[in-house]
Structures are given as C-alpha cells and as structure tokens.
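First the structure, in the form of structure tokens, and then the observations on it.
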Amino acid sequence: MREYLTMVCKECSNRNYRTPKKTQQTEKLELKKFCKHCRKHTDHKEYKK
Ligand SMILES: [Zn+2]
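Numbering (this note's numbering), first residue to last: 71 to 119.
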C-alpha cells in the first residue's frame with residue numbers, strides 16, 4: 071500500500087499537497103511549493119498527525 075505525506079504551508083498551515091512517501095526517507099521533508107492561500111511560493115513541511 072502506498073503511503074502519502076501531506077505537505078503543510080508553514081505560513082498559513084493549510085494542507086496543500088500530498089506526495090508519495092519514499093521508503094528510505096529519514097529526514098523531514100521540506101519543499102518550496104506554491105500556496106494558493108498565500109498566493110506565493112512558501113516552505114511546506116511534512117504534516118504530522
Ligand atoms: Zn500558505
């Protein structure tokens with residue numbers, strides 16, 4: 071079964087993206103993504119439940 075990570079905008083905390091989880095990923099993932107709520111590119115971090 072495929073696992074997904076949810077990416078959260080650091081500025082507005084909206085959960086904007088989902089990305090397939092890589093099996094050997096050890097570090098917390100951070101990505102620059104376009105946030106439609108902030109209307110700009112922001113850092114997105116992995117969402118922890
Ligand atoms: Zn945002």
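For each residue, glycine too, the CB sits at the ideal point set by N, CA and C.
Is residue i close to ligand 3? I mean its beta-carbon at under 7 Å from any heavy atom of the ligand.
| i | result |
| --- | --- |
| Glu81 | For ligand 3, the structure offers nothing, since it holds only ligand 1. |
According to DSSP, what are the bridge partners of residue i?
| i | result |
| --- | --- |
| Glu100 | Lys115 |
| Arg88 | Thr76 |
What span of residues does the beta strand (DSSP E) with residue i cover, start to end?
| i | result |
| --- | --- |
| Thr93 | Note, Thr93: premise wrong, no beta strand (DSSP E); not H, not E. |
| Met71 | Looking at the DSSP string, Met71 is not in any beta strand (DSSP E), and its letter there is neither H nor E. |
Less than 8 Å between the C-beta atoms of residue i and residue j, yes or no?
| i | j | result |
| --- | --- | --- |
| Thr89 | Leu75 | yes |
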